[in-house]
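Trainee: Here it is: the structure, laid out below.
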Amino acid sequence: MIKEPILTSMLDDDFYKFSMGSVAFHLFPRAIVTYEFFNRGKTKFPKGFVDVLRFQIDEFMSYLRLTGEEAVWINTLPYMRPTYVEWLKGYRMNPDEVKITQEGGDLRIKIVGPWYRTIYWEVKLMATISELYFRITGANPADDWVRRIENKSVKLQLAKCHWIDFGTRRRFSQRVQDSVVSIMKNFRGFLGTSNPHLAFKYGVTPHGTYAHESVMAMSALYGDFNMANKMWMKHWSDHFDGNVGVALSDTFTTQTFLKSFGTYEAKLFDGVRQDSGDPIEWGNKMLEHYKRLGIPTTNKRFVFSDALTTNKYITLSNKFHHVAQPIGGIGTHFTNDCGAVPLNIVIKMTSADFGFGPVDVIKLSDDTSKATGNAEKIKEARKKLNIL
Numbered sequence: 183m184i185k186e187p188i189l190t191s192m193l194d195d196d197f198y199k200f201s202m203g204s205v206a207f208h209l210f211p212r213a214i215v216t217y218e219f220f221n222r223g224k225t226k227f228p229k230g231f232v233d234v235l236r237f238q239i240d241e242f243m244s245y246l247r248l249t250g251e252e253a254v255w256i257n258t259l260p261y262m263r264p265t266y267v268e269w270l271k272g273y274r275m276n277p278d279e280v281k282i283t284q285e286g287g288d289l290r291i292k293i294v295g296p297w298y299r300t301i302y303w304e305v306k307l308m309a310t311i312s313e314l315y316f317r318i319t320g321a322n323p324a325d326d327w328v329r330r331i332e333n334k335s336v337k338l339q340l341a342k343c344h345w346i347d348f349g350t351r352r353r354f355s356q357r358v359q360d361s362v363v364s365i366m367k368n369f370r371g372f373l374g375t376s377n378p379h380l381a382f383k384y385g386v387t388p389h390g391t392y393a394h395e396s397v398m399a400m401s402a403l404y405g406d407f408n409m410a411n412k413m414w415m416k417h418w419s420d421h422f423d424g425n426v427g428v429a430l431s432d433t434f435t436t437q438t439f440l441k442s443f444g445t446y447e448a449k450l451f452d453g454v455r456q457d458s459g460d461p462i463e464w465g466n467k468m469l470e471h472y473k474r475l476g477i478p479t480t481n482k483r484f485v486f487s488d489a490l491t492t493n494k495y496i497t498l499s500n501k502f503h504h505v506a507q508p509i510g511g512i513g514t515h516f517t518n519d520c521g522a523v524p525l526n527i528v529i530k531m532t533s534a535d536f537g538f539g540p541v542d543v544i545k546l547s548d549d550t551s552k553a554t555g556n557a558e559k560i561k562e563a564r565k566k567l568n569i570l
């Protein structure tokens, strides 16, 4: 049994969990949601893994809390509401919200509870699962793992790229991600990290807008996929007064998103994020859309975040830097390039109840292999949206 905590800070998470958490807390305090674990890589977990993970949840994660210094730091971010931060100071994660079972090597996880509370489990659990797996299976990082981080930093700087660390959820260990940020902060072009704990620790900018779950939840509330994108962008921009303005395009495919991304949204939001499909095709489609709306793109951020490597992102940056502001949100390639095979795992929302009973929610994605949720509902949605 691993007796020491994997996580030691409430902020050791992705920043968008806190920005989305603020919206859920203020606007949807009665929403009840369900999240489930999806093992895309079909990893077989070692015997007894469920007990080790349960111990981390019950004995350590349940005691995580926002410190006074961390609360002061969050309040320096002008778009974060002090009412939310004050509540967050008293928040404790409730282990009863998480049900875990293991059959052979198969791990099953279900999280159920109020959205404004359960939103903080996803990334923390994934980071914990990943690190526990490598520690239990005896994986040791390659001797040159630090040099790999340095080499990537040099290469990206020389290519005049702009990039962000997006690597919390599938990292090899907290130590590795800590090293990524501590090293990369010294390189020109590094914009910061999606991990607020490390942003606070190293004095760099925290990054993160919203995730698929927010748009998925809106499909349950409004009963329409096109309306889901539209209404979430409205709730988001109203809540943050136009700040934190990068829109996620692929929850129900970019094709569907663009129907809701009209002149108002395209002018209001600072840019868009690509998280599945062909990034060059996506970038060209975005350029065409902005052109059709008569909106210049030279100041628009194109955030690429789908399984990026250093070389892949340099190619994308070179392709689009003359017409937009490309940014690479690079995750596993930074925090789990240590000689082991990274886990391919996700935790996704699968239902939401806004007071009218639970409704199954799905994600379609621009890559059919990344779709999650009820298979029949996915099929129906693709037919309804005329997605081949």
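For the sequence shown, my numbering gives the first residue as 183, with consecutive numbering after it. Cβ coordinates follow ideal geometry from the N, Cα and C atoms, glycine included.
Which residues in the same chain have their Cβ closer than 6 Å to the Cβ of Asp194, if we skip the five residues on either side of it in sequence?
Mentor: Your numbering for residue 194 matches position 12 in the sequence shown. Within the same chain, Asp194 has close Cβ partners His379.
Trainee: Please report the distance separating the alpha-carbon of Pro264 from that of Trp255.
Mentor: Translated into positions along the sequence shown, residue 264 becomes position 82. Translated into positions along the sequence shown, residue 255 becomes position 73. Answer to the nearest angstrom: the Cα atoms are 11 Å apart.
Trainee: Tell me the DSSP secondary structure of Ser547 in three-state form.
Mentor: Reading the sequence shown from its first residue, position 365 is the one you call residue 547. In this structure, Ser547 counts as coil in the three-state DSSP scheme.
Trainee: Taking the runs of the alpha helix (DSSP H) that are 4 residues or longer, which of them lie wholly in the stretch 272–344?
Mentor: Listed in chain order, the complete alpha helix (DSSP H) runs (minimum 4 residues) inside the stretch 272–344 are 297–300, 303–318, 327–340.
Trainee: Just checking my contact of Asn556 with Ile544 at CB under 8 Å: how many whole Å lie between their CB atoms?
Mentor: In the sequence shown, counting from the first residue as 1, residue 556 sits at position 374. In the sequence shown, counting from the first residue as 1, residue 544 sits at position 362. Right, the Cβ-Cβ distance comes to about 6 Å (below 8 Å), so this counts as a contact.
Trainee: In whole angstroms, give me the CA-to-CA distance for Ile527 and Thr310.
Mentor: For the purposes of this step, residue 527 is taken as the residue at position 345 of the sequence shown. For the purposes of this step, residue 310 is taken as the residue at position 128 of the sequence shown. Roughly 12 Å separates the two Cα atoms.
Trainee: Indicate whether the contact test is met: 3 or more Cβ pairs, each with one atom in the stretch 450–464 and one in the stretch 424–442, closer than 8 Å.
Mentor: Enough Cβ pairs lie closer than 8 Å, so yes.
Trainee: Please name the residue, chosen from Ile529, Glu562, Glu558, that lies closest to Val215 on a Cα-to-Cα basis.
Mentor: For this step, residue 215 is matched to residue 33 along the sequence shown. Out of Ile529, Glu562, Glu558, Ile529 has the C-alpha closest to the C-alpha of Val215.
Trainee: If you measure between the beta carbons of Phe372 and Trp345, is that distance less than 8 Å?
Mentor: To locate residue 372, count along the sequence shown from 1; it is residue 190. To locate residue 345, count along the sequence shown from 1; it is residue 163. Yes, the Cβ-Cβ distance between Phe372 and Trp345 is below 8 Å.
Trainee: Please identify the residue among Thr517, Met262, Ala324, Thr550 whose C-alpha is closest to the C-alpha of Gln573.
Mentor: Lying before the first or after the last residue shown, residue 573 is absent from the chain, which here runs from 183 to 570.
Trainee: Which residues in the same chain as His471 place their Cβ atom closer than 8 Å to its Cβ, once the five residues preceding and following it in sequence are excluded?
Mentor: Along the sequence shown, one-based indexing puts residue 471 at 289. The residues are Leu440, Phe443, Ala448.
Trainee: What residues in its chain sit with their C-beta under 7 Å from that of Ser361, if we drop five residues either side in the sequence?
Mentor: If you number the sequence shown from 1, residue 361 lands on position 179. Contacts found: Val328, Ile331.
Trainee: Taking only three categories from DSSP, how would you classify Ile477?
Mentor: For the purposes of this step, residue 477 is identified with residue 295 of the sequence shown, where counting begins at 1. If DSSP states are grouped into helix, strand and coil, Ile477 belongs with coil.
Trainee: Looking at C-beta atoms only, is the number of pairs between the stretch 282–290 and the stretch 218–235 that lie closer than 8 Å three or more?
Mentor: A contact exists between the stretch 282–290 and the stretch 218–235.
Trainee: Taking only runs that begin and end inside the stretch 216–248, name each unbroken alpha helix (DSSP H) of 4 or more residues, in chain order.
Mentor: For the stretch 216–248, whole alpha helix (DSSP H) runs of length 4 or above, ordered along the chain, are 231–241.
Trainee: Are His389 and Ser376 touching if we call contact CB-CB under 8 Å?
Mentor: Translated into the one-based positions of the sequence shown, residue 389 becomes position 207. Translated into the one-based positions of the sequence shown, residue 376 becomes position 194. Yes. Within cutoff.
Trainee: Going by the CB atoms, is the gap between Met275 and Trp303 shorter than 8 Å?
Mentor: Counted from its first residue, the sequence shown places residue 303 at position 121. Counted from its first residue, the sequence shown places residue 275 at position 93. In this structure, Met275 lies closer than 8 Å to Trp303 by Cβ.
Trainee: Assign Pro228 to one of two classes, buried (16 or more other C-beta atoms within 10 Å of its C-beta) or exposed (fewer than that).
Mentor: Position 46 of the sequence shown holds residue 228. So Pro228 ends up on the exposed side.
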